[in-house]
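According to our numbering, the sequence shown is numbered sequentially starting from 335.
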Amino acid sequence: MNKKEKIDWEITKTLDLLDQKETIPINPYFYTRVRAKLEERHKKRKNYFTFLQPAFFVLLFAVNLTTVFWYFNSSETYNITPTRKALIEIISDDLTPNLNQSDILFLE
């Protein structure tokens with residue numbers, strides 16, 4: 335028997351064992367108990383979320399009001415860049431380091 339035949343024989347033997355398995359008798363009240371436990375968990379979870387859901391919405395509303403208040407009371411003005419060239423120039427000025435002679439000495 336070569337290696338492939340041994341593997342096939344083991345697979346067949348395992349599958350035959352699964353076909354011949356015994357069924358264990360189930361208590362007639364098993365599903366009733368499982369259903370009761372699931373309903374009990376659902377009730378506990380429902381009570382917990384009914385308390386947290388309004389608190390979450392109040393917190394979300396407060397954050398929203400704070401953001402609106404902060405936005406409209408902001409004294410900063412934002413410059414709108416008229417052209418693409420100007421935008422590229424502003425970004426390149428922000429990203430290129432301004433190295434003067436004293437900064438170069440510290441880098442060495």
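Glycine included, every Cβ here is placed at the ideal spot set by N, Cα and C.
To the nearest angstrom, how far is the alpha carbon of residue i from that of residue j?
{"i": "Phe364", "j": "Lys371", "result": "11 Å"}
{"i": "Val402", "j": "Val392", "result": "15 Å"}
{"i": "Arg369", "j": "Asn407", "result": "56 Å"}
{"i": "Trp404", "j": "Asn398", "result": "10 Å"}
{"i": "Thr417", "j": "Thr430", "result": "20 Å"}
{"i": "Glu339", "j": "Gln354", "result": "23 Å"}
{"i": "Glu344", "j": "Ile360", "result": "31 Å"}
{"i": "Phe383", "j": "Thr366", "result": "26 Å"}
{"i": "Glu373", "j": "Asp350", "result": "39 Å"}
{"i": "Ala389", "j": "His376", "result": "20 Å"}
Please work out which residues of its chain come closer than 8 Å, Cβ to Cβ, to residue i, disregarding the five sequence neighbours upstream and downstream, and give them in chain order.
{"i": "Ser426", "result": "none"}
Using only the heavy atoms of the ligand FAD, determine whether one of them is closer than 7 Å to the beta carbon of residue i.
{"i": "Phe403", "result": "By its list of ligands, the structure shown contains no ligand whatsoever, and the ligand FAD lies outside what it can speak to."}
Counting only the same chain and skipping the five closest in sequence on each side, list residues whose C-beta sits under 6 Å from that of residue i.
{"i": "Ala420", "result": "none"}
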